Every structure is written in C-alpha cells, then in structure tokens.
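Here the structure comes first, spelled out in structure tokens, and everything after it is commentary.
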Amino acid sequence: MKSTLDHAALAEEFNKDEERVDWHDGALWWIRQKRDRSAHRTPQWEELRETASAIKANVISNLHDYLIQFESNLKKNGVNVYWAADADEHNQIVYNILKAKNINQMVKSKSMLTEECHLNEYLAERGIDVINSDLGEYIQQIDNEPPSHIVLPCIHKRKEEIGELFHEHLGTEKGLSDPTLLTRVARKHLRNVFLTRRAALTGVNFAVAETGEYVVCTNEGNADMGAHLSEVQIASMGLEKLVPERKHLGVFLRLLARSAIGQPITIYSSHFRKPRPGQEMHLILVDKGRSALMARPDFRESLKCIKCGGCMNTCPVYRKSGGLSYHNTISGPIGAILAPNLDMKQHADLPFASTLCGSCSNVCPVKIPIHDQLYKWRQEIVKQGYSASRKTFSMKAMALTLSSPEMYKAAGKTGRWILNHAPFAINNKLNPWYKQRDMPDSPKQSFGEWYAKNGPKRVDN
Amino acid sequence: MKIGLFIPCYVNQLYPSAAIATLELLQKLGMDVSYPAKQTCCGQPMANSGYEHLTQSCNDLFVENFSGFDYIVAPSASCVLHVKDHLHGNDEAAAKEIRTRIYELVEFLTDVLKIENLDAHFPHKVGIHQSCHGLRGLHLAQMSELVAPDFSKPRKLLNMVKGLEITDLDRVDECCGFGGLFCIAEEAVSVKMGKDRVADHSKHGAEYITSPDLSCLMHMEGILQRNKSNVKIIHIAEILNSSSKSL
Amino acid sequence: MSSRDSILAAVLKNQPPISALPDISMFKVPESDLRGKYIDMFNEIGGFAYAVESMDDIKSRIKAGFDTEKRVISTLPALSDIAEFCSSSVDPHSFEDVELAIIEGRLAVAENGAVWLTEEVMGQRIIPYISQHLAVIVRESDIVSTMHDAYARIASEDYGFGGFIGGPSKTADIEQALVLGAHGPLSMTVYIIK
Chain A
1 MKSTLDHAAL AEEFNKDEER VDWHDGALWW IRQKRDRSAH RTPQWEELRE TASAIKANVI
61 SNLHDYLIQF ESNLKKNGVN VYWAADADEH NQIVYNILKA KNINQMVKSK SMLTEECHLN
121 EYLAERGIDV INSDLGEYIQ QIDNEPPSHI VLPCIHKRKE EIGELFHEHL GTEKGLSDPT
181 LLTRVARKHL RNVFLTRRAA LTGVNFAVAE TGEYVVCTNE GNADMGAHLS EVQIASMGLE
241 KLVPERKHLG VFLRLLARSA IGQPITIYSS HFRKPRPGQE MHLILVDKGR SALMARPDFR
301 ESLKCIKCGG CMNTCPVYRK SGGLSYHNTI SGPIGAILAP NLDMKQHADL PFASTLCGSC
361 SNVCPVKIPI HDQLYKWRQE IVKQGYSASR KTFSMKAMAL TLSSPEMYKA AGKTGRWILN
421 HAPFAINNKL NPWYKQRDMP DSPKQSFGEW YAKNGPKRVD N
Chain B
462 MKIGLFIPCY VNQLYPSAAI ATLELLQKLG MDVSYPAKQT CCGQPMANSG YEHLTQSCND
522 LFVENFSGFD YIVAPSASCV LHVKDHLHGN DEAAAKEIRT RIYELVEFLT DVLKIENLDA
582 HFPHKVGIHQ SCHGLRGLHL AQMSELVAPD FSKPRKLLNM VKGLEITDLD RVDECCGFGG
642 LFCIAEEAVS VKMGKDRVAD HSKHGAEYIT SPDLSCLMHM EGILQRNKSN VKIIHIAEIL
702 NSSSKSL
Chain C
709 MSSRDSILAA VLKNQPPISA LPDISMFKVP ESDLRGKYID MFNEIGGFAY AVESMDDIKS
769 RIKAGFDTEK RVISTLPALS DIAEFCSSSV DPHSFEDVEL AIIEGRLAVA ENGAVWLTEE
829 VMGQRIIPYI SQHLAVIVRE SDIVSTMHDA YARIASEDYG FGGFIGGPSK TADIEQALVL
889 GAHGPLSMTV YIIK
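Protein chains in written order, with my numbering: chain A, 1 to 461; chain B, 462 to 708; chain C, 709 to 902.
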C-alpha cells in the first residue's frame with residue numbers, strides 16, 4: 001500500500017466514524033478475552049511461553065546450521081529448494097517455476113511474506129492470475145486493499161460492505177449480508193478455483209530442520225484444498241520459521257491458535273514433507289531483511305514472531321486506529337518493530353504509534369519485548385535523522401531547561417512553564433491537547449514554591 | 462529513614478496538592494523527608510520521544526539531587542519506572558544506587574514500610590486506573606494478560622481507607638491513551654482511548670478515578686471536564702492522606 | 709556469490725552466540741479420563757464425538773446421521789458395505805462430489821480435540837479436506853493428553869504428508885461471526901471405539 005499519510009493522520013481519518021471504531025475495538029477485545037480464557041485453561045501457560053521463546057532464541061543463534069540441515073533434508077525428501085535475498089528474487093523464482101510448466105493461474109493461501117513481496121502484482125504484470133483463497137484475504141483482494149490484520153484480514157469491514165463487494169464481484173443478491181450465506185457463496189466460488197488451478201502456493205508457519213517438513217496452519221482448509229489438488233506446490237518461507245526438531249512443534253502449536261483467537265489449535269495443522277506421486281514441490285527460503293535484523297542485537301528478538309496477531313488484538317492503539325493506518329503489510333505492534341528494519345524512513349512514524357503500555361509484550365507467545373523495542377526504535381530513528389527538525393529543536397530546548405534548575409524555576413514562575421510545552425500550549429483549536437480536552441487548572445503556586453514557604457518543617461497531625 | 466522526595470515536573474507545576482499529600486503522608490508515617498530544591502525532571506519526555514541521548518545533563522542533575530538518601534519516593538509510577546530503567550550518569554555508581562533506591566509511593570508503602578492500616582477516610586466510590594507503567598513496569602498489580610496469582614498494591618491500600626468503595630471496570634487494566642507526547646502526536650486515538658476509559662469508570666458509578674500516575678489522570682481530567690462530567694480525578698496520595706482534611 | 713551462499717554467510721556472521729535449547733519434558737497434564745476430556749473438547753469446538761461399541765454401531769450411526777444415498781468413501785475394509793473403497797491412484801479431483809469420507813485416525817489429542825492423520829490412512833491427501841462431511845474412527849487407547857504426547861508418538865514416523873485436524877473447517881472472517889464449513893468439511897464426527 002502506498003500512502004503519503006502517516007499513522008496519526010490515517011488514524012484520525014479512521015476515528016471520524018466513532019461507531020465503527022467502537023465496533024472494531026469491541027470485536028478485537030472479544031478476541032483478546034477469548035485468548036485470556038484459553039490461556040487460563042492451559043496448564044503451565046507461562047512456562048510454555050518461556051520455552052517457546054527459548055527455542056526460538058536457540059534457532060536464531062544456530063540458524064546457519066539449521067538452514068543447511070533443513071535444505072539437505074528437503075532435497076532428500078524430493079523438494080526443490082530456492083534461496084531469495086529479496087522480494088524481487090522471490091517473485092522471479094515463483095514466476096520461473098510457473099512459466100516452466102506453462103501455468104498462468106495460481107491459487108494462494110495466506111502468506112504475509114508474499115504480501116510483503118507484492119507477489120500478486122508482480123505475477124499479474126506478467127500475465128499470471130493469482131487468487132487468494134483465505135476468505136478474509138479474498139475479500140481484501142476483490143476490494144483491492146491490503147489485509148488490515150495478519151490473522152483477520154478484513155476485521156475492519158462491516159458485513160454490509162462485504163455483501164456489496166460480493167454483489168459486485170460474485171453476483172449475489174443486493175443487500176445480502178448474512179455471514180453464513182456469504183461464506184457459502186465464497187465456498188462455492190473458491191471450490192471451483194481450487195479444482196481448476198494447477199499451481200498452489202502456501203505460506204509456512206513452522207519448518208523442521210531435523211525432518212525437512214513444513215507446517216501450514218489454517219482454520220478454513222484452504223491451504224490443503226489448494227495444495228492437494230495442485231500439480232505444482234510452492235511454499236514461501238522466511239528464514240526464521242525453523243524449529244530444530246519435530247517435537248518442538250508441540251510447543252508452538254499449543255500456543256499459536258490460543259494466542260491468536262483463543263482456539264485450542266487451528267483446525268488444520270498440515271505437515272508437508274514429500275510431494276505426492278506426480279506432483280512437484282518447491283520451497284523458497286526468503287531473507288528479505290532477516291539476516292540484517294540478526295545484526296541488530298536490540299531488535300533481533302523480533303525474529304521470534306510466530307505471526308499470531310495477539311499483540312494487535314490487545315493493542316488499544318491498534319483497536320482504535322485500524323490496521324490500515326499502519327500503512328504496512330504487518331500492522332500493529334509487531335509490524336511497528338519489524339517495518340523500520342526494512343525501511344526506517346518510510347516507517348519512521350510506526351514506533352511512535354504506541355503509548356508503550358506494554359500489553360503486547362505480555363500476550364506475546366514467544367515473549368518478544370515488543371514495547372521495549374518500540375522505545376529503542378524511537379531512539380534509533382531519531383539518531384538516524386528521521387524525525388522532524390522542529391521536534392528536535394523543541395526537544396533540545398526542553399532538555400536545556402530541564403537540565404538547569406534556575407531556568408526551570410524561572411520558566412515555572414512565568415505562567416507554569418509546563419503549560420507552554422508539549423503536550424500543552426494555549427487554549428485554541430490548533431492545540432491538539434485542547435481540541436477535545438480541557439487544560440489542567442493552573443494552580444497559584446507550584447509545589448516547589450509552596451515547599452519554599454512551608455517546608456521543610458514537619459507537618460503535625 | 463531519610464527520604465528524598467521526587468516531585469516530577471508536571472506534578473510540581475500542575476498538581477501541587479498531590480505533592481503536598483505525598484509529603485504529609487510520608488511525614489505522618491514517621492519519615493524524615495526532604496525535597497531537593499534543584500530537581501527538575503526525570504528526562505522521560507525526551508527519552509520516550511526518541512531523544513534519550515539529550516537527557517544526559519538532566520540525568521546528571523537528577524543524580525546530584527538524589528544521591529545519599531535511603532530511599533527516593535515519588536508520586537508518579539511512570540517517572541519512577543523511567544529512572545529505574547534509564548537513569549545513567551557521569552557518576553554511574555551513584556546512578557545505579559538511585560535506580561535501586563527509588564520507589565513509587567504505593568510500592569514504598571506496601572513493600573518497604575509494609576503498612577497494614579491507615580488512618581484515612583474517604584467516603585466515596587472510587588475507580589482505580591492502573592497506569593501502564595505502574596502495572597506492567599513496576600508490577601503494582603497483577604497484569605490481566607498473565608496467568609498468575611492476582612494482587613493489587615493500590616487496592617490493598619485503598620481497602621484500608623474508611624468509607625471508600627472501589628468500583629468495578631469492564632477492562633481492568635486498559636491504557637488510557639496518554640502516552641506522553643503520544644497524546645499530542647496521535648490526538649485522535651489518544652482522546653478516543655481516554656474517552657473509553659472514562660466511560661468505563663462512569664458506567665460503574667465511580668465518583669472519583671484514582672491512580673498512582675497523575676499523567677493518566679490529567680489526560681482523563683481534560684476529557685471529563687470538556688464533557689462536563691461529574692466524575693473527578695484524584696491522586697492516590699490525596700486519598701491515603703485524606704484523614705487530615707476530612708476528620 | 710549465489711544468493712544461497714550470501715544469505716548463509718550473512719546469517720553466520722550475524723547470529724548471536726549459541727543459546728541452549730530448552731528441555732521440554734516438563735509439560736505434563738494429568739491423564740485421567742482422556743476419553744471424557746476428548747469428547748467434551750471436541751464437542752465444544754463444533755464437532756461431534758461419540759464413544760461407540762463396535763463397527764456395527766458406527767455403521768448404524770452413519771446411516772442415521774448422513775445422506776448415504778450420496779457418495780460415501782472409506783479406506784476401511786470393514787465399511788465396504790456402506791462405503792466405496794477409495795483408491796490411492798485416481799486423480800484427486802475425482803473426489804469432488806464426496807459427501808462423506810470415513811477414515812481411521814492415528815491418534816487423538818484430548819487437550820484440543822485434534823486427530824492425527826497421515827496419507828496412508830487418508831487414502832489420498834485431499835480426502836479429509838474435500839469431502840462435505842468427515843468422520844474419523846479412533847481407538848480409545850490412541851487418545852493422548854497433549855500435543856507433547858502426540859509428538860512423542862509420531863516423533864520418528866516417516867510420512868510424506870500428515871495433518872492434525874481439529875474439527876469442521878471454519879471461518880470468522882466476516883464480522884467475527886463463526887461459520888462452520890469454510891472450504892473444507894461442513895461437519896466432522898469422531899467415533900471413539902474401545
């Protein structure tokens with residue numbers, strides 16, 4: 001998505017329809033509550049998170065060897081392996097695989113990586129048509145909009161809007177908005193897609209170095225419908241998706257769906273290891289900034305992410321600003337710490353789209369200290385010169401005043417210095433504080449002034 | 462016990478009554494409290510905006526003001542957390558000493574003084590706003606996201622106050638949306654978050670919203686007053702110190 | 709340098725010092741009444757689970773509960789009188805009109821209701837996903853408590869494809885309204901036999 005507006009401006013736009021904000025906030029909070037109930041029902045939940053985090057730490061620290069082991073096992077299993085440094089190389093590999101088989105139509109299940117690579121657009125320009133089969137992603141695709149949430153791609157849309165899209169694209173009756181009926185229509189339409197596509201691409205949730213298998217999790221069954229009917233099966237995965245051994249999948253599959261939507265496990269957790277007779281299987285290992293992220297000690301833990309979306313559901317800023325406000329494929333808190341690694345300038349606003357409340361870090365199933373990373377990205381962005389010069393100027397003035405007791409005191413006397421500084425200014429509509437909030441009353445004297453007169457004597461009861 | 466009273470910049474200038482209540486309460490509990498007159502700020506406004514590198518002289522000033530006390534106590538969870546996490550100085554040994562000796566008022570009362578009763582009276586319905594820095598930073602109460610035993614230090618203290626009734630909330634520890642400069646930079650979301658917090662308290666009949674953090678309360682007060690609400694904000698120190706005024 | 713080599717070189721250069729792999733043997737859940745727990749969990753997630761006495765019991769339940777006039781397939785020879793035996797060599801697209809598939813599950817997990825299937829018991833990989841309704845028969849002794857126990861059982865198995873299936877396919881993509889039957893089966897039934 002190309003937008004020239006930053007998160008604050010897009011969020012302000014989203015907030016013009018307060019009723020929609022309330023609904024969006026409520027829907028996601030409901031999922032957060034389901035997550036809580038599910039976590040409370042799972043014995044040793046916090047130990048599970050700790051263990052998952054430690055397994056991922058091991059993976060990051062030994063990734064080189066695990067990748068080589070994984071590659072060798074994939075080959076033994078009859079899977080073709082490719083390595084892509086960036087989006088272009090990834091897209092070209094997919095294109096070449098399809099071209100070699102003379103295929104011009106492909107069905108794709110959910111893959112945030114291919115969204116980030118803009119694979120659909122790349123292939124469309126070269127005459128290959130891709131249909132997203134996850135219902136939410138399909139809806140977003142026909143509306144020509146990116147997903148607003150990694151697990152719930154169209155969580156920002158009302159059913160009436162979806163009904164209108166279906167009316168336009170699938171010829172349903174005008175005004176039809178019942179979720180069950182709309183889902184049935186999509187089921188019928190996409191079943192025909194699955195049955196007629198020779199190639200299917202899936203993302204990868206987890207991959208096992210020890211066995212060379214990879215696991216794809218869905219609730220809808222769309223990844224399996226595509227893969228098992230295809231003659232060419234392609235999987236795109238980020239380098240960080242590895243786990244050492246098959247048994248480690250148990251830890252992650254226990255956490256993933258519970259953290260995501262409060263469900264004990266995704267309906268389908270499919271373990272792909274070898275192609276079926278007559279089928280080709282291809283797997284593309286994609287770097288796209290991951291090895292560079294490993295070189296940033298403050299931020300490399302974000303590679304632990306298993307893309308559950310839990311941080312989005314709990315984030316009050318996400319709930320009240322909508323995923324599209326983050327102008328990035330991966331939105332919410334995790335998106336705000338992943339995006340600056342790829343393009344600090346374009347995503348300089350995202351680490352500031354947070355109150356640093358810390359709820360994200362507490363729900364994270366792999367214990368990424370998300371809010372600490374948001375803080376650290378702010379420092380990095382300022383250091384690299386991606387913050388507005390006006391802000392830098394006022395920060396310097398503030399730092400100067402606050403490092404001098406005399407200046408601070410003088411400033412305080414002349415009408416409460418603090419009222420003249422961020423977040424406060426004069427009472428007018430141009431002041432963002434005053435737009436919807438009254439100013440605090442300005443007391444007659446500061447505590448310091450009171451203390452000078454009344455302290456340091458003891459106050460008697 | 463020698464206590465250095467740290468009164469954050471905005472509390473000093475905008476909410477002196479909360480600072481006075483903190484001082485009086487500590488003195489009532491027998492503490493030897495002094496207020497270093499040259500103090501300014503913990504540096505958090507700059508640091509949270511990405512300018513931590515500009516906070517060095519502010520930090521050094523902080524170290525200068527607060528070295529040598531048994532404890533440093535402040536009526537602001539957010540500022541205390543910032544000092545604990547980010548205070549570094551030319552004299553790093555002294556800075557480290559301060560980082561371990563600084564306490565937010567509530568945790569000082571429950572964890573250091575371990576008080577079991579209070580001579581306080583506040584006959585009102587009060588909703589507790591868990592400031593995020595107090596909750597998830599200082600662990601003043603159990604966090605709703607974790608599977609762990611429940612506790613709440615502010616609630617424990619408020620339960621000692623005669624006549625006080627704690628009101629419920631639908632979302633027990635949701636952020637109010639203040640967030641430092643966030644409240645300006647992200648005005649729309651900040652206000653919406655604040656409105657929703659305030660509505661949750663109003664819905665459950667709170668007359669007052671209290672918190673160990675005035676920054677959150679200042680933000681919610683702005684919204685309450687703009688909307689002509691009868692709900693008021695009050696720092697927890699003023700409730701805990703209320704006996705001297707009410708009796 | 710190829711992308712493979714440059715990526716691997718960058719990873720090697722940038723990876724932090726080795727961090728130990730944790731022990732995962734401490735995740736234990738009491739294993740009493742696994743059948744009861746399994747049935748409760750599976751029903752809660754929108755499936756139907758029944759404890760049954762015999763294959764004949766299963767047959768009569770299938771006749772009563774499904775439209776057996778439509779195409780019913782199975783990989784179990786014992787069900788040959790009510791179901792067509794599904795061949796592993798035909799084009800998977802030919803299963804498009806299957807109303808009900810009845811297959812044997814390798815194991816079932818009490819904590820989440822999922823059954824583990826490999827392609828050997830599926831007949832063909834597509835079958836449990838393409839049929840309108842899915843029925844799985846699991847032996848009571850094959851119910852395990854958690855996913856850890858499940859992986860302990862399948863740790864060294866050599867399968868080409870295997871999957872956990874934990875209920876009927878579902879979506880809540882439209883306004884979080886739960887709809888059973890997204891792309892896969894509209895319903896899933898598990899029969900637990902002694």
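No residue lacks a Cβ here, since even glycine has one placed at the ideal position from N, Cα and C.
Computed from a predicted structure; not experimentally measured.
Exposure label - residue i; buried when at least 16 CB within 10 Å
i	result
Ala717 (chain C)	exposed
Glu71 (chain A)	buried
Lys174 (chain A)	exposed
Lys304 (chain A)	buried
Val798 (chain C)	exposed
Thr414 (chain A)	A caution first: Thr414 (chain A) carries a pLDDT of 49, below 50, which makes its placement in the model too unreliable to give a value.
Leu5 (chain A)	exposed
Gln384 (chain A)	exposed
Where residue i sits in the DSSP three-state scheme
i	result
His271 (chain A)	strand
Leu601 (chain B)	coil
Glu739 (chain C)	coil
Phe793 (chain C)	strand
Ile128 (chain A)	coil
Val472 (chain B)	helix
Tyr867 (chain C)	coil
Glu804 (chain C)	coil
His856 (chain C)	helix
Leu285 (chain A)	strand
Arg20 (chain A)	helix
Gln832 (chain C)	coil
Asn341 (chain A)	helix
Ser549 (chain B)	Here residue 549 (chain B) is His; the residue named in the question, Ser, does not match the sequence. DSSP places His549 (chain B) in coil when its eight states are reduced to three.
For residue i: DSSP bridge partner residues
i	result
Asp493 (chain B)	B:Lys463
Leu242 (chain A)	A:Ala207
Thr415 (chain B)	With chain B represented from 462 up to 708, any question about residue 415 (chain B) goes unanswered, as that position is not in the structure.
Lys617 (chain B)	In DSSP, Lys617 (chain B) forms no bridge with anything.
Gln105 (chain A)	A:Asp129
Ala759 (chain C)	C:Ile900
Trp29 (chain A)	Trp29 (chain A) pairs with nothing; no bridge assigned.
Cys217 (chain A)	A:Ser269
Tyr138 (chain A)	According to DSSP, which records beta bridges pairwise, Tyr138 (chain A) is partnered with nothing at all.
Lys499 (chain B)	None, per the DSSP bridge assignment.
Glu812 (chain C)	C:Ile845
Arg779 (chain C)	C:Val806
Tyr532 (chain B)	B:Ile464
His582 (chain B)	B:Lys623
Val887 (chain C)	C:Thr879
Sufficient close CB pairs (3 or more, under 8 Å) joining the stretch 763 to 777 of chain C to the stretch 791 to 810 of chain C: Cβ pair count under 8 Å is three or more, so yes.
Inter-stretch contact at 8 Å, needing at least 3 Cβ pairs: the stretch 204 to 222 of chain A / the stretch 72 to 92 of chain A: yes
Contact between the stretch 238 to 249 of chain A and the stretch 39 to 47 of chain A (3+ Cβ pairs under 8 Å): no
Selection of the stretch 676 to 690 of chain B by Cβ proximity to chain A, strictly under 8 Å: Met679, His680, Glu682, Gly683, Ile684, Gln686 and Arg687
Segment contact flag, the stretch 648 to 668 of chain B with the stretch 577 to 594 of chain B, C-beta cutoff 8 Å, min 3 pairs: yes
Chain A contacts from the stretch 634 to 651 of chain B (Cβ-Cβ distance under 9 Å): Asp634, Glu635, Cys636, Cys637, Gly638, Phe639, Gly640, Gly641, Leu642, Phe643, Cys644, Ile645, Ala646, Glu647, Glu648, Ala649, Val650 and Ser651
Residues of the stretch 191 to 212 of chain A whose Cβ lies closer than 7 Å to any Cβ of chain B, in chain order: none
Sufficient close CB pairs (3 or more, under 8 Å) joining the stretch 673 to 683 of chain B to the stretch 430 to 449 of chain A: yes
The stretch 351 to 371 of chain A touching the stretch 49 to 61 of chain A, judged by at least three CB pairs closer than 8 Å: yes
The stretch 273 to 281 of chain A in contact with the stretch 317 to 331 of chain A per 3-pair CB rule at 8 Å: No, they do not touch.
At least three beta-carbon pairs within less than 8 Å, the stretch 250 to 268 of chain A to the stretch 301 to 320 of chain A: yes
Contact set between the stretch 515 to 539 of chain B and chain A, restricted to residues whose Cβ is under 9 Å from the partner: Residues Leu515, Thr516, Gln517, Ser518, Cys519, Asn520, Asp521, Leu522 and Asn526.
Members of the stretch 465 to 482 of chain B near chain A, C-beta cut-off 9 Å: Listed by position, the residues of the stretch 465 to 482 of chain B near chain A (Cβ gap below 9 Å) are Leu466, Ile468, Cys470, Tyr471, Val472, Asn473, Gln474, Leu475, Tyr476, Pro477, Ser478, Ala479, Ala480 and Ile481.
Inter-stretch contact at 8 Å, needing at least 3 Cβ pairs: the stretch 23 to 33 of chain A / the stretch 343 to 357 of chain A: no
The stretch 114 to 134 of chain A / the stretch 859 to 874 of chain C touching (three or more Cβ pairs under 8 Å): no
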